[in-house]
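The sequence shown begins at 667 in our numbering and counts up one residue at a time. Cβ atoms here follow ideal geometry from the backbone N, Cα and C, with glycine treated the same way. Given the structure is predicted, the values throughout are model-derived calculations rather than measurements. Reviewing the structure listed below.
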Amino acid sequence: MATKSAPSTATVPAPRINRIRMASLGALTMLIIQFVLGTAYAIYGTAPASGKPIGMFSSPLLAVHVVMGILLIIAAFMLVIRAIQARVTPLIVTSVVGLVVILGAFGAGSAFAGSGSDGASLGMAVATAVAMLAYAASLVIAGQPRADR
Numbered sequence: 667m668a669t670k671s672a673p674s675t676a677t678v679p680a681p682r683i684n685r686i687r688m689a690s691l692g693a694l695t696m697l698i699i700q701f702v703l704g705t706a707y708a709i710y711g712t713a714p715a716s717g718k719p720i721g722m723f724s725s726p727l728l729a730v731h732v733v734m735g736i737l738l739i740i741a742a743f744m745l746v747i748r749a750i751q752a753r754v755t756p757l758i759v760t761s762v763v764g765l766v767v768i769l770g771a772f773g774a775g776s777a778f779a780g781s782g783s784d785g786a787s788l789g790m791a792v793a794t795a796v797a798m799l800a801y802a803a804s805l806v807i808a809g810q811p812r813a814d815r
């Protein structure tokens, strides 16, 4: 009795795995930009006071951070779809983890804008780090670019 296992990256067509690799690199790059924008806002922006929330678009820096976050959620969702289509379990896991923690960072950011909580700020940073790690792992799993078959 033979069992059917999920394909490895070696059995997935090269164009498909290359798209997943590039999408993972794109998500990782976006996360680094998000981290820099969030850090810049934490240093130069106006933090919300307890009971006095700030608007998500109250400054240009924060507006870019929010819009980039929305685009990052879309990119992460698309990466999950690509990984599922490729049927490579480790890539599915890393892309789902990336999406979930990005959604967590978005939620923490919303909480921070409402309360200015240090915990919410830390939550954004930790979730960003975990997402970066997930997409870096995806790059390792996907391996080197392959020639078209």
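Buried or exposed: which applies to residue i, given that a residue is buried once 16 or more other Cβ atoms fall within 10 Å of its Cβ?
i: Thr794; result: buried
i: Gln660; result: Residue 660 lies beyond the range of the chain shown here (667 to 815); nothing can be said about it.
i: Gln700; result: buried
i: Gly789; result: buried
i: Gly785; result: exposed
i: Ile709; result: exposed
i: Gly768; result: Here residue 768 is Ile; the residue named in the question, Gly, does not match the sequence. Burial call: buried.
i: Val678; result: buried
Taking the alpha carbon of residue i as the reference point, which residue from the options has its own alpha carbon closest?
i: Tyr707; options: Phe743, Val746, Leu727; result: Leu727
i: Arg753; options: Gly692, Leu694, Ala808, Met696; result: Ala808
i: Gly770; options: Thr755, Val806, Val792, Thr695; result: Val792
i: Ser804; options: Val730, Val733, Ala786, Ala742; result: Ala742
i: Ala622; options: Gly780, Ile686, Gly773; result: Because the chain is modelled from 667 through 815, residue 622 falls outside the range shown and cannot be assessed.
i: Phe772; options: Leu745, Met744, Leu737; result: Leu737
i: Ile698; options: Pro679, Met734, Thr712, Gly711; result: Met734
i: Met744; options: Gly711, Ala680, Met688; result: Met688
Measuring straight from C-alpha to C-alpha, what distance separates residue i and residue j?
i: Phe778; j: Ala693; result: 23 Å
i: Ile739; j: Val766; result: 9 Å
i: Ser776; j: Gly782; result: 10 Å
i: Ile683; j: Met696; result: 20 Å
i: Gly721; j: Gln810; result: 43 Å
i: Ser725; j: Leu703; result: 12 Å
i: Ser787; j: Ile747; result: 29 Å
i: Ala729; j: Ala774; result: 16 Å
i: Val806; j: Gly764; result: 15 Å
i: Val796; j: Val732; result: 19 Å
i: Leu691; j: Ala680; result: 16 Å
i: Thr712; j: Gly780; result: 13 Å
Determine, using beta-carbon pairs with one atom in the stretch 800–808 and one in the stretch 751–766, whether at least three such pairs fall under 8 Å.
Yes, they touch.
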